[in-house]
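Visitor: Protein chains in written order, with this note's numbering: chain A, 4 to 333; chain B, 4 to 333.
Cβ atoms here follow ideal geometry from the backbone N, Cα and C, with glycine treated the same way.
There are 2 protein chains.
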Amino acid sequence: MASIKDVAQRAGVSIATVSRMMSNKTFVKEETRERIQVAIDELNYRPNRVAQRLRDSQSHILALIVSDIQNPFFSELARAVETLARTRGYSVFICNTDEDPVLEERYLELMSQEQVAGVIISPSRKAAPKLKALHKLNIPIVSVDRRAGDEFDTVLIDNTEAAQRLTEHVIAGGHQKIAGLYGENSFTAEERLVGFQEALAAHNLSAHEVRRCPAFENEGYDAALAMLSSSNPPDALICSSALLATGAYRAVQKLGLNIPDEVGFACFDDPVWTRCVNPAVTVIRQPTRHIGETAAELLLKRIEEPSRSASLIRLQGELVPRESVREPVA
Amino acid sequence: MASIKDVAQRAGVSIATVSRMMSNKTFVKEETRERIQVAIDELNYRPNRVAQRLRDSQSHILALIVSDIQNPFFSELARAVETLARTRGYSVFICNTDEDPVLEERYLELMSQEQVAGVIISPSRKAAPKLKALHKLNIPIVSVDRRAGDEFDTVLIDNTEAAQRLTEHVIAGGHQKIAGLYGENSFTAEERLVGFQEALAAHNLSAHEVRRCPAFENEGYDAALAMLSSSNPPDALICSSALLATGAYRAVQKLGLNIPDEVGFACFDDPVWTRCVNPAVTVIRQPTRHIGETAAELLLKRIEEPSRSASLIRLQGELVPRESVREPVA
DNA sequence: TGTTTGTATGAAATCGTTTACATGATGTTC
DNA sequence: GAACATCATGTAAACGATTTCATACAAACA
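#1: Return the CA-CA distance between B:S78 and B:R36, expressed in angstroms with no decimal places.
#2: Grab the span of the beta strand (DSSP E) containing B:F268 for me, first residue to last.
#3: Are the CB atoms of B:I142 and B:I68 nearer to each other than 7 Å?
#4: Report yes or no: is there a C-beta of chain B within less than 7 Å of the C-beta of A:Q73?
#5: In chain order, what are the residue ranges of uninterrupted alpha helix (DSSP H) at least 4 long that sit wholly in the stretch 259-305 of chain B?
#6: Measure how close the beta-carbons of B:I72 and B:V119 come, nearest whole angstrom, since I'm counting them as under 8 Å.
#7: Please identify the residue among B:A166, B:V145 and B:E265 whose C-alpha is closest to the C-alpha of B:R282.
#8: With a Cβ-Cβ cutoff of 7 Å, do A:A182 and A:H211 count as a contact?
#9: Measure from the alpha carbon of B:I174 to the alpha carbon of each residue in B:P331, B:R13 and B:A19, then state which is nearest.
#10: Cα separation between B:R311 and A:V197?
#11: Give me, in chain order, the residues of the same chain whose beta-carbon lies closer than 6 Å to that of A:A248; leave out the 5 immediate sequence neighbours on both sides.
#12: Would you mind giving the Cβ-Cβ distance between A:A88 and A:P126, rounded to the nearest angstrom? I have them listed as a contact below 8 Å.
#13: Which residues of chain A have a Cβ atom closer than 7 Å to the Cβ of B:N27, listed in chain order?
#14: Quick one: which unbroken beta strand (DSSP E) runs of 3-plus residues sit fully inside the stretch 192-245 of chain B? Chain order, please.
#15: Considering A:T157, what are the terminal residues of the beta strand (DSSP E) in which it resides?
#16: B:P274 and B:A245: beta carbons closer than 7 Å?
#17: How would you label A:A239, buried or exposed, when you count the other beta carbons within 10 angstroms and need 16 or more for buried?
#18: Tell me where the beta strand (DSSP E) around B:Y185 begins and ends.
#19: Rounding to the nearest angstrom, what Cα-Cα distance links B:F76 and B:A131 in this structure?
#20: Please compile the residues from chain B whose C-beta is within a distance smaller than 8 Å of the C-beta of A:N47.
#21: Smallest Cα separation from A:R305: which of A:A136, A:M25, A:R149 and A:V145?
#22: If you run the structure through DSSP and keep just helix, strand and coil, what is A:G250?
#23: Given a limit of 9 Å on CB to CB distance, which residues of the stretch 252-274 of chain A reach chain B?
#24: Near A:T170, which residues of its chain fall below 6 Å by C-beta distance, leaving aside the five closest residues on each side in sequence?
#25: Bridge partners of B:L318, per DSSP?
#26: Are the C-beta atoms of B:Q118 and some chain A residue less than 7 Å apart?
#27: Hey, would you say B:R214 sits closer than 7 Å to B:L260, going by beta carbons?
#28: Please state if the CB of B:L228 and the CB of B:A254 are separated by a distance shorter than 7 Å.
#29: Would you mind telling me which residues of chain A sit closer than 7 Å to B:F76, beta carbon to beta carbon, in chain order?
#30: Residues in the stretch 96-125 of chain B with C-beta within 8 Å of chain A's C-beta atoms, listed in sequence order?
#31: Runs of 4 residues minimum, wholly inside the stretch 23-84 of chain A: which ones carry the alpha helix (DSSP H) assignment?
#32: Any Cβ of chain A within less than 7 Å of the Cβ of B:A5?
#33: Looking at the secondary structure, which residues open and close the beta strand (DSSP E) in which B:V122 lies?
#34: Compute the Euclidean distance between the alpha carbons of B:R329 and B:G177, then round it to the nearest angstrom.
#35: For B:D9 versus B:L46, is the C-beta spacing smaller than 7 Å?
#36: Can you find a CB in chain A that lies within less than 7 Å of the CB of B:E85?
Listed below in structure tokens is the structure:
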């Protein structure tokens with residue numbers, strides 16, 4: 004691949020002149036400029052970003068590290084981050100950790116070594132030490148969806164409040180025996196569970212049953228099937244995440260239960276299928292786009308002004324009432 | 004950030020020794036090794052990948068450029084590529100172009116400047132010139148899902164054959180007035196449309212109606228609504244992609260049509276919702292994981308052996324019969 | 001004419017690595 | 001004890017860019 008040296012040689016100038024002409028800043032005679040341009044075209048020259056980055060460490064590249072790119076929340080997030088970053092002249096590398104802490108750490112390490120300008124991450128429980136290490140190296144970091152520590156800029160929804168609101172809504176529909184299906188090992192599920200229980204307590208109810216399991220579809224299916232086919236089944240089910248809800252919904256179908264008469268159904272996140280099924284499913288929709296944009300903005304601000312103090316931004320989840328919960332009794 | 008020089012100084016050795024000790028290849032006295040390790044720990048030293056990459060241009064980084072990371076096909080693809088690459092010691096940068104040819108070109112350019120080891124891309128129609136340019140620069144490229152030219156390794160499913168098979172299946176169910184909803188400006192939709200029409204022709208039928216529109220949910224909704232609410236509606240609808248199908252399905256619901264009695268429904272791709280709705284939707288499932296792995300394998304092969312001739316790999320789509328098409332009349 | 005100013009260019013240092021080559025020390029072999 | 005491996009380390013060049021500093025020439029000014 005042609006380098007600046009080749010271009011310089013071909014155009015009969017020094018590499019300094021070529022460099023100047025490329026960044027078209029300072030004085031380069033029009034005639035020289037043209038001559039260099041010809042050489043560039045002939046050689047198909049492209050400046051080597053790696054060398055540029057080594058020289059003056061400003062990469063204009065952001066990293067987005069997500070646990071599961073297949074999760075619509077994260078893919079939408081990725082898109083939002085990408086879009087906003089682009090308007091500011093930044094590109095985004097997306098890294099998928101597949102929920103694997105080892106991989107997460109590896110990507111974090113890789114990104115710091117790659118000298119990216121900053122990192123947006125939805126950290127796993129185990130990420131904290133590594134994040135703190137990067138923080139010490141003054142690598143700007145924004146945490147989304149989950150908290151990693153006070154020292155990091157963070158953007159997430161008020162999970163507890165949202166869960167309260169959703170639970171209230173189910174209670175208002177007259178459901179009494181409300182069960183919850185929550186992810187385990189998840190900060191987010193934790194917060195949602197709190198809101199769930201607070202709302203019940205406020206109505207002198209308690210959870211009919213709470214199950215926690217790994218946040219995957221099959222696990223959700225199994226857990227929901229067990230709950231719903233017990234001798235004393237719940238009359239409503241709330242799920243803490245899309246994948247869990249997908250599995251749970253399939254369990255409901257499997258048992259041929261009528262929604263919402265036999266069992267109410269509601270969940271967090273707003274996967275496509277909740278609008279395709281009949282009756283459509285009531286959900287808490289995360290303002291994903293907004294989260295992504297906010298995170299990107301925050302990161303760029305920190306890049307510009309590394310010493311600003313960390314902010315924690317909580318956005319509101321949106322309750323989208325559809326038909327999977329009974330109508331409130333007037 | 005501490006550099007190798009700092010470590011060398013602190014440990015009282017030359018940078019060469021530090022470098023050797025890090026790559027732990029050649030002779031370094033145990034005692035020296037330990038001394039250096041101490042310095043590394045104290046300084047929190049991490050080798051600078053950018054410098055490494057500049058020195059010996061082997062990045063062990065792959066780029067995956069997709070048009071829509073929100074599309075489950077691509078997110079699953081990303082995961083498959085990521086996973087396979089990892090087993091071979093490669094990391095993957097995922098880039099999202101949002102179906103924008105300008106962005107696509109920019110990422111392609113960026114990746115070549117970043118000296119990635121190779122690129123996997125699902126190219127837009129307009130990508131060809133840029134791809135050829137990169138090809139001239141000897142950057143290994145694998146095209147997935149769509150074709151870009153003979154000179155590129157390519158992995159895709161046999162769309163025409165799969166569409167034939169799907170259409171046959173619908174015909175076998177006794178549907179007669181079969182309409183098609185196909186994406187426009189898409190190589191893939193093109194191929195599928197051919198298979199659709201060939202299958203019909205083979206049964207002396209012709210398409211009841213074919214609409215082509217941008218492959219988004221809302222466009223699918225509008226187009227399907229128009230077709231289904233006409234005075235002479237189809238008795239089955241085949242959609243060429245997940246997004247289109249999502250919109251179309253919502254249109255079916257909106258009109259309260261019974262599936263499969265009033266209208267049969269089938270589509271390409273296997274989004275989650277097709278298994279959640281009742282009756283579940285018959286689909287052609289792409290062997291997405293397999294596609295991703297094959298593409299990654301192919302790319303790595305080409306990286307190792309740049310001169311091998313390009314191969315075109317066609318995988319089979321899998322027909323998944325569910326209940327949205329009438330039972331074959333025996 | 002001599003000094004100043006503005007424009008156009010080149011030489012060389014620098015970023016953080018790896019590595020070919022050189023050198024020094026130690027031990028082995030005849 | 002001379003010759004020779006073997007091991008351990010250092011020196012310096014290279015990768016491809018940017019940028020500071022120096023230089024050269026012209027035009028402008030006194």
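Guide: On the basis of the supplied data:
#1: Your numbering for residue 78 of chain B matches position 75 in the second sequence. Your numbering for residue 36 of chain B matches position 33 in the second sequence. Spanning the two alpha carbons is a distance of roughly 44 Å.
#2: Counting from one through the second sequence, the residue named residue 268 of chain B turns up at place 265. Element bounds for B:F268: G267 to F271.
#3: By 1-based counting over the second sequence, the position of residue 142 of chain B is 139. By 1-based counting over the second sequence, the position of residue 68 of chain B is 65. Not a contact, by the Cβ cut-off of 7 Å.
#4: Within the first sequence, the letter at position 70 stands for residue 73 of chain A. Yes, its Cβ sits closer than 7 Å to a Cβ of chain B.
#5: 276-279
#6: Counting from one through the second sequence, the residue named residue 72 of chain B turns up at place 69. Counting from one through the second sequence, the residue named residue 119 of chain B turns up at place 116. Their Cβ separation, rounded to whole angstroms, is 18 Å, which puts B:I72 and B:V119 out of contact at 8 Å.
#7: Here residue 282 of chain B refers to the residue found at position 279 of the second sequence. Residue identity check: residue 282 of chain B is Pro in the sequence provided, not Arg. Measuring from the Cα of B:P282, the nearest candidate turns out to be B:E265.
#8: By 1-based counting over the first sequence, the position of residue 182 of chain A is 179. By 1-based counting over the first sequence, the position of residue 211 of chain A is 208. Taking 7 Å as the Cβ cut-off, A:A182 and A:H211 qualify as a contacting pair.
#9: The residue you call residue 174 of chain B lines up with position 171 of the second sequence. Of B:P331, B:R13 and B:A19, the residue nearest in Cα terms is B:P331.
#10: Translated into the one-based positions of the second sequence, residue 311 of chain B becomes position 308. Translated into the one-based positions of the first sequence, residue 197 of chain A becomes position 194. B:R311 and A:V197: Cα-Cα distance of roughly 59 Å.
#11: Indexing the first sequence from 1 puts residue 248 of chain A at position 245. The answer, listed in chain order, is C242 and C270.
#12: Residue 88 of chain A sits at position 85 when you count from the first residue of the first sequence. Residue 126 of chain A sits at position 123 when you count from the first residue of the first sequence. At roughly 20 Å, the Cβ-Cβ gap does not stay under 8 Å, so A:A88 and A:P126 are not in contact.
#13: One-based indexing of the second sequence puts residue 27 of chain B at position 24. Within 7 Å Cβ-Cβ: nothing; B:N27 doesn't reach chain A, min ~18 Å.
#14: 212-216 and 239-242
#15: In the first sequence, residue 157 of chain A corresponds to position 154, counting from 1. Where A:T157 is concerned, the enclosing beta strand (DSSP E) stretches over D156 to I160.
#16: Residue 274 of chain B sits at position 271 when you count from the first residue of the second sequence. Residue 245 of chain B sits at position 242 when you count from the first residue of the second sequence. Cβ distance < 7 Å, so B:P274 and B:A245 count as in contact.
#17: Residue mapping note: residue 239 of chain A aligns to position 236 of the first sequence, counting from 1. Under this definition A:A239 is a buried residue.
#18: Sequence index remark: in the second sequence, residue 185 of chain B carries index 182 (1-based). Per DSSP, B:Y185 belongs to the beta strand (DSSP E) from I181 to G186.
#19: What you label residue 76 of chain B is simply residue 73 of the second sequence in a count that begins at 1. What you label residue 131 of chain B is simply residue 128 of the second sequence in a count that begins at 1. In a straight line, the C-alpha of B:F76 is about 22 Å away from that of B:A131.
#20: Here the question's residue 47 of chain A lines up with position 44 in the first sequence. Neighbours of A:N47 on chain B, chain order: A136, K139 and L140.
#21: Your numbering for residue 305 of chain A matches position 302 in the first sequence. Among A:A136, A:M25, A:R149 and A:V145, the Cα nearest to that of A:R305 is on A:V145.
#22: Here residue 250 of chain A corresponds to residue number 247 of the first sequence, with the count starting at 1. The answer is helix: DSSP assigns A:G250 an H, G or I state.
#23: Y252, R253, Q256 and P274
#24: Taking the first sequence and counting its residues from 1, one reaches residue 170 of chain A at position 167. So the list reads F199 and A202, once near-sequence residues are dropped.
#25: As a first step, residue 318 of chain B is located in the second sequence; it is residue number 315 there, counting from the start. In the DSSP output, where bridge partners are listed per residue, B:L318 has B:I160.
#26: The residue you call residue 118 of chain B lines up with position 115 of the second sequence. Yes, its Cβ sits closer than 7 Å to a Cβ of chain A.
#27: What you label residue 214 of chain B is simply residue 211 of the second sequence in a count that begins at 1. What you label residue 260 of chain B is simply residue 257 of the second sequence in a count that begins at 1. No, these two residues do not count as a Cβ contact at 7 Å.
#28: Counting from 1 along the second sequence, the entry for residue 254 of chain B is found at position 251. Counting from 1 along the second sequence, the entry for residue 228 of chain B is found at position 225. In contact: B:A254 and B:L228 (Cβ atoms closer than 7 Å).
#29: The residue you call residue 76 of chain B lines up with position 73 of the second sequence. The premise fails here: B:F76 is roughly 10 Å from chain A at the closest Cβ pair, so nothing lies under 7 Å.
#30: F96, I97, C98, N99, D101, L106, R109, Y110, E112, L113, S115, Q116, E117 and Q118
#31: 33-46 and 52-58
#32: The count along the second sequence starts at 1 and reaches residue 5 of chain B at position 2. By this cut-off, B:A5 is not an interface position.
#33: Residue 122 of chain B sits at position 119 when you count from the first residue of the second sequence. Taken as a continuous stretch (DSSP letters only), the beta strand (DSSP E) holding B:V122 covers G121 to I124.
#34: On the second sequence, residue 329 of chain B is found 326 positions in, with the first residue counted as 1. On the second sequence, residue 177 of chain B is found 174 positions in, with the first residue counted as 1. Using only the alpha carbons, I get a separation of about 7 Å.
#35: Locating residue 9 of chain B in the second sequence gives position 6, where the first residue counts as 1. Locating residue 46 of chain B in the second sequence gives position 43, where the first residue counts as 1. Against a cut-off of 7 Å, the Cβ pair of B:L46 and B:D9 comes out as a contact.
#36: Within the second sequence, the letter at position 82 stands for residue 85 of chain B. Yes, B:E85 counts as interfacial toward chain A.
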